[in-house]
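Residue numbers are given in my numbering: position 16 of the sequence shown equals residue 23, and the series is strictly consecutive.
Glycine included, each C-beta is placed from N, C-alpha and C at the ideal position.
None of these values were measured; they are calculated from a predicted model.
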Amino acid sequence: MNMRRSAFTLIELVVVVAIIGLLATGVMVGVDYVRTRARDSKRVADAATLQRSLGLYLANKGIFPVSAGQCVTGSDSVSNALLAEKVISGLTGDPRYPSTDPQCYWYQSDPTGSTYIFRYTLELDSGAGSQGPHELIP
8 MNMRRSAFTL
18 IELVVVVAII
28 GLLATGVMVG
38 VDYVRTRARD
48 SKRVADAATL
58 QRSLGLYLAN
68 KGIFPVSAGQ
78 CVTGSDSVSN
88 ALLAEKVISG
98 LTGDPRYPST
108 DPQCYWYQSD
118 PTGSTYIFRY
128 TLELDSGAGS
138 QGPHELIP
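Right, here's the structure in full:
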């Protein structure tokens, strides 16, 4: 009696596992790219919102919030000044970089509050802008 079993060979199984691994890697890279682009889009939207809010603050108070320089986190003195003046409903920090990182949302004004610089950093070249640091001024 010659019984023959049909089954996968070890080589076939290794090839299938390798192909699945390559596909999973490709999916993860794609997901990471999409997340990075989403963070950059949020940064650009946050910067535009902050710039509009600072313009409204200037219209109400006659000066910009005075700060020697700090990360904007939503609970800092600049955010609190904008919230107190009701020119913004809420603001969060950078979606990736904490307030201790040099790439956080950075706000600095001159001592008289007549001008400011707002800095943020994009992770990728995209429709949102080029990779690297960006500055907004009034």
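**Item:** residue 40 burial status per 10 Å Cβ neighbour count (16 or more: buried)
**Value:** exposed
**Item:** Residue span of the beta strand (DSSP E) that contains residue 115, given as start and end
**Value:** 113-116
**Asked** Three-state secondary structure (DSSP) at residue 124?
**Response** strand
**Message:** On the DSSP letters alone, give me the boundaries of the alpha helix (DSSP H) that residue 19 sits inside.
**Reply:** 17-68
**Asked** Thinking C-alpha only, which one of 134, 71 and 109 is nearest residue 127?
**Response** 109
**Request:** Keeping to the same chain, check which residues put their C-beta closer than 6 Å to that of residue 142; ignore five residues upstream and five downstream.
**Result:** 124 and 126
**Prompt:** Between residue 42 and residue 12, what straight-line distance do the alpha-carbon atoms span, to the nearest angstrom?
**Reply:** 47 Å
**Request:** Can you say whether residue 60 is buried or exposed, counting buried as having 16 or more other CB atoms within 10 angstroms of its CB?
**Result:** buried
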